[in-house]
Amino acid sequence: MKGVLRKFSFWFLVAFLLCMAAASMVAAQDAPASRNAGNNAGAAVNSAAPAVLSAAASAPIQSSASKPAVAPALGGTSTPSASDSINAGDTAWVLVSAALVLLMTPGLAFFYGGLVRRKNVLSVVMQCFMLMCLITVQWVLFGYSLAFGPDVHGVIGSLAWFGLRGVTTAPNPTYAPGVPHQAFMIFQCMFAVITPGLILGAFAERMRFGPFCAFSLLWATFVYDPVCHWIWGDGGFLKTGGVLDFAGGLVVHVNAGLAALAAALVLGGRIGYPKKISPPHNLPFAALGAGLLWFGWFGFNAGSALGAGKVAATAFVATHCAGAAAGLTWALLDWICNSRATVLGMITGAVAGLAAVTPASGFVNPVGALWIGIGASACCYVFVAILKNKFGYDDSLDAFGVHGIGGIWGTFALGLWAAKSVNPAGFNGLFYHEPASVLIQLKGIAVTAIYSFVASYVLLKAVDWAVGLRSTEHEERVGLDLAEHRESAYTLID
Amino acid sequence: MKYIIAIIQPDRLQETLDLLEEKEIHLVTVCPVMGRGRQKGVAEVYRSHTEAGNLLKKVKLEIAVNDAYVNPTVEAITQGGRTGSVGDGKIFILDLEECIRIRTGETGGVAIG
Chain V
0 MKGVLRKFSF
10 WFLVAFLLCM
20 AAASMVAAQD
30 APASRNAGNN
40 AGAAVNSAAP
50 AVLSAAASAP
60 IQSSASKPAV
70 APALGGTSTP
80 SASDSINAGD
90 TAWVLVSAAL
100 VLLMTPGLAF
110 FYGGLVRRKN
120 VLSVVMQCFM
130 LMCLITVQWV
140 LFGYSLAFGP
150 DVHGVIGSLA
160 WFGLRGVTTA
170 PNPTYAPGVP
180 HQAFMIFQCM
190 FAVITPGLIL
200 GAFAERMRFG
210 PFCAFSLLWA
220 TFVYDPVCHW
230 IWGDGGFLKT
240 GGVLDFAGGL
250 VVHVNAGLAA
260 LAAALVLGGR
270 IGYPKKISPP
280 HNLPFAALGA
290 GLLWFGWFGF
300 NAGSALGAGK
310 VAATAFVATH
320 CAGAAAGLTW
330 ALLDWICNSR
340 ATVLGMITGA
350 VAGLAAVTPA
360 SGFVNPVGAL
370 WIGIGASACC
380 YVFVAILKNK
390 FGYDDSLDAF
400 GVHGIGGIWG
410 TFALGLWAAK
420 SVNPAGFNGL
430 FYHEPASVLI
440 QLKGIAVTAI
450 YSFVASYVLL
460 KAVDWAVGLR
470 STEHEERVGL
480 DLAEHRESAY
490 TLID
Chain R
0 MKYIIAIIQP
10 DRLQETLDLL
20 EEKEIHLVTV
30 CPVMGRGRQK
40 GVAEVYRSHT
50 EAGNLLKKVK
60 LEIAVNDAYV
70 NPTVEAITQG
80 GRTGSVGDGK
90 IFILDLEECI
100 RIRTGETGGV
110 AIG
């Protein structure tokens with residue numbers, strides 16, 4: 000019994016159950032209200048009210064993702080017919096997109112899993128699946144409320160939507176008119192899940208599992224949720240400042256990329272890095288993972304239109320164009336510099352291009368997307384192939400080099416190639432005679448990058464101080480599959 | 000009785016097995032192995048990081064033969080395994096003390112064939 004009390008996992012379970020109890024009590028408070036009203040619409044009106052109020056309070060709202068139809072929808076919610084405004088096509092697309100984005104996390108498990116040594120493949124897969132479970136629970140209990148809940152000084156959402164209180168099937172007119180609020184919530188949940196997953200590429204093969212869980216939970220709460228609120232939350236200060244991020248170039252890729260850099264610096268290199276590290280153990284896995292990521296990315300970007308309309312088509316096409324151009328560019332660079340086009344190079348380039356086009360996908364035309372893809376591979380190639388070696392940090396699977404740099408390039412490039420003729424909700428970029436757009440985007444990049452790096456560094460140091468992040472030398476040599484999970488991925492004899 | 004161990008290039012395996020078959024040497028155990036000699040391996044490139052001097056993929060053959068078959072076996076392996084370039088491998092010949100067929104319990108030279 001004494002041993003149990005000293006276990007991190009035990010106290011985590013206690014905290015989890017307490018949180019669940021609180022959420023249940025909150026839900027129980029709401030129950031009589033909806034019973035009085037006789038149907039769900041009653042609760043829906045109650046929940047929509049605070050959102051409408053806060054929307055009215057902060058005047059210069061520039062809803063990046065939602066359509067110009069926001070104003071009529073706002074009026075519509077004051078009547079009990081709110082649920083009638085749900086659009087079947089939009090809802091179907093958002094739900095399918097949520098499933099597509101979910102598939103990216105197992106895709107990432109294969110992408111990263113194929114790149115590590117065979118003794119560590121399960122640890123990567125386990126970390127990805129753990130995030131699917133852990134961050135989903137965090138998101139439903141309080142993460143969604145922190146990210147998208149009623150605004151507190153433009154910095155964070157309040158806990159008013161704790162346990163999804165008031166987040167019902169009625170649409171939220173600010174975020175996604177025409178789509179049930181819960182559909183929007185679960186779509187965003189998938190983003191919250193995969194973002195900490197991207198970071199693990201930086202500390203793969205050497206981080207203990209318990210501290211990984213603790214760090215991921217803290218990171219989701221103190222880094223992802225606030226940054227998400229700044230850029231996408233109603234009243235977030237970057238959103239009101241005009242920074243555009245269609246599907247998560249800043250929120251997901253720059254955010255995770257800079258956290259990855261912090262993680263690589265805090266943990267230090269793997270034993271034997273850089274000379275004595277074996278090559279990727281299963282490149283077909285990595286290619287499979289990259290394929291799943293590419294497939295899921297259509298939900299990630301086109302789904303961020305939050306409707307099955309023109310913007311979704313724009314984002315879909317831009318996503319595919321950038322991925323293709325970037326994969327091609329990296330293959331050519333490999334061919335020129337290393338005399339061979341490689342599988343790993345090609346899929347790395349494609350992922351870099353997809354990451355780069357994420358913030359821009361709903362705002363640029365196909366040719367702009369092709370340029371973003373070309374630029375993404377060029378920038379990331381320089382970082383991964385040249386600068387990483389110069390600086391000597393061990394970003395094991397290039398989470399910073401691909402997602403961080405790709406995201407920064409894409410968010411910046413959005414300030415160049417964005418066009419109002421493509422999407423009137425955006426702005427005109429430098430090439431459409433509005434140079435100020437570049438400065439706005441640079442501000443977004445600087446704020447996100449600095450906050451993510453500093454906050455992640457502090458969180459990592461704190462967890463390291465409390466429980467220790469790194470495996471022992473022996474565990475690292477044996478491999479995390481056996482050391483952390485008592486499992487092996489491949490048996491030698493049937 | 001002799002026990003012959005040969006390390007050869009993986010791409011020469013089928014040729015060598017065919018030649019052994021021609022000389023009526025049927026008993027052979029094959030393992031994929033990693034190893035190195037004095038030469039370095041083919042450099043592989045991963046995200047522009049060159050991995051040189053790794054262990055190389057080879058194939059190991061293990062063959063137990065009666066004394067009369069030692070020369071045909073060596074001939075088959077040298078003929079089948081030779082490409083003429085560095086890294087073609089080695090043949091080791093050891094004395095074999097005993098051989099027992101598990102199914103019948105027969106021992107010695109009869110058990111090998």
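Protein sequences appear in the order of chains V and R.
First residue of the first sequence? That's 0 in numbering that gives the first Met the number 0, and the numbers climb one at a time after it.
First residue of the second sequence? That's 0 in numbering that gives the first Met the number 0, and the numbers climb one at a time after it.
Glycine included, every Cβ here is placed at the ideal spot set by N, Cα and C.
Chain V contacts made by the region 20-41 of chain R, where a contact means CB separation under 7 angstroms:
none
For Asn281/V, which option in Val120/V, Ala213/V, Glu472/V has the closest C-alpha, if you only look at C-alpha atoms?
Val120/V
Are the CB atoms of Ala321/V and Ala246/V nearer to each other than 8 angstroms?
no
What do you get for His180/V, buried or exposed, if any count of 16 or more other CB atoms within 10 angstroms of its CB means buried?
buried
Assign Gly271/V to one of two classes, buried (16 or more other C-beta atoms within 10 Å of its C-beta) or exposed (fewer than that).
exposed
Taking just the CA atoms, how far does Ser96/V sit from Thr318/V?
14 angstroms
Pick out the complete alpha helix (DSSP H) segments inside the region 137-210 of chain V, 4 residues or longer, and give them in chain order.
143-147, 180-202
Going by alpha carbons, who is nearest to Met19/V out of Val93/V, Met103/V, Gly162/V?
Gly162/V
Is Tyr45/R close to chain V? Criterion is C-beta to C-beta, closer than 8 angstroms.
yes
Pair within 8 angstroms by beta-carbon distance, Asn65/R and Met0/R:
yes
Check this for me: beta carbons of Gln187/V and Phe147/V, under 8 angstroms apart or not?
Contact flag set, yes.
Trp231/V to Lys238/V, Cα distance in whole Å?
6 angstroms
Which residue's Cα is closest to the Cα of Pro279/V: Gly344/V, Phe399/V, Ala258/V?
Out of Gly344/V, Phe399/V, Ala258/V, Gly344/V has the C-alpha closest to the C-alpha of Pro279/V.
With a threshold of 8 angstroms between beta carbons, is Leu249/V in contact with chain R?
no
Between Gly347/V and chain R, is any beta-carbon pair separated by less than 8 angstroms?
Note on identity: in this sequence residue 347/V is Thr, with Gly being the wrong assignment. Residue-level contact check: Thr347/V touches chain R, since one or more beta carbons of chain R fall below 8 angstroms from its beta carbon.
For the region 49-71 of chain R, enumerate the residues whose C-beta is nearer than 9 angstroms to any C-beta of chain V, in chain order.
Only those residues of the region 49-71 of chain R whose C-beta falls short of 9 angstroms from the nearest C-beta of chain V are listed: Thr49, Glu50, Asn53.
Measuring alpha carbon to alpha carbon, tell me which residue in Leu415/V, Val253/V, His473/V, Gly391/V is nearest Ile444/V.
For the set Leu415/V, Val253/V, His473/V, Gly391/V, the Cα lying nearest the Cα of Ile444/V is the one of Val253/V.
Residues, ordered as in the chain, of the region 334-364 of chain V that lie near chain R by beta-carbon distance below 9 angstroms
Cys336, Asn337, Ser338, Arg339, Thr341, Leu343, Gly344, Thr347
Residues in its own chain within less than 8 angstroms of Glu20/R by CB, not counting five upstream and five downstream?
none
Which chain R residues are close to Pro497/V, counting only those with a beta carbon under 7 angstroms from its beta carbon?
Residue coverage of chain V in this structure runs from 0 to 493, which leaves residue 497/V outside it and unanswerable.
Option in Gly414/V, Phe411/V, Thr410/V, Tyr431/V with minimal Cα separation from Ser420/V
Tyr431/V
Using the C-alpha atoms, what's the distance from Gly80/R back to Leu217/V?
59 angstroms
Going by the beta-carbon positions, is the gap between Ala412/V and Ala351/V smaller than 8 angstroms?
With respect to Ala351/V, Ala412/V sits apart: the two C-beta atoms are not nearer than 8 angstroms.
Please determine, among Thr49/R, Ser84/R, Phe91/R, Glu97/R, the residue with the shortest C-alpha to C-alpha distance to Arg37/R.
Ser84/R
Here's the rule I'm using: 16 or more other beta-carbon atoms within 10 Å means buried, otherwise exposed. How should Gln78/R be labelled?
An exposed status is given to Gln78/R, since fewer than 16 other beta-carbon atoms sit within 10 Å of its beta-carbon.
Identified DSSP bridge partners for Glu50/R
Glu43/R
When you compare the CB positions of Gln502/V and Phe211/V, do they come within less than 8 angstroms of one another, or not?
No answer is possible for residue 502/V: it lies beyond the span of chain V, which begins at 0 and ends at 493.
Using DSSP's beta-bridge definition, name the partner residues of Lys387/V.
Partner(s): none; Lys387/V has no beta bridge.
Tell me, to the nearest whole angstrom, how far the beta carbon of Ala311/V is from that of Ala301/V; I am working on the premise that it is less than 8 angstroms.
5 angstroms
Can you list the residues of chain R that Ala384/V reaches, using a CB-CB cut of under 7 angstroms?
Arg46, Ser47
Using the three-state DSSP reduction, which class does Gly36/R fall into: helix, strand or coil?
coil
Could you tell me how far apart the beta carbons of Val100/V and Met189/V are, in whole angstroms, since I believe they sit closer than 8 angstroms?
4 angstroms
Local conformation of Gly2/V per DSSP, three classes:
helix
Residues that DSSP places opposite Pro31/R in a beta bridge
Val58/R
Nearest-angstrom Cα separation, counted from Pro176/V out to Gly478/V:
So the alpha carbons of these two residues sit roughly 49 angstroms apart.
Between which residues of its own chain and Gly306/V is the CB-CB distance below 6 angstroms, once the five residues before and five after are set aside?
Counting only Cβ-Cβ distances below 6 angstroms, and skipping sequence neighbours, we find Asp89.
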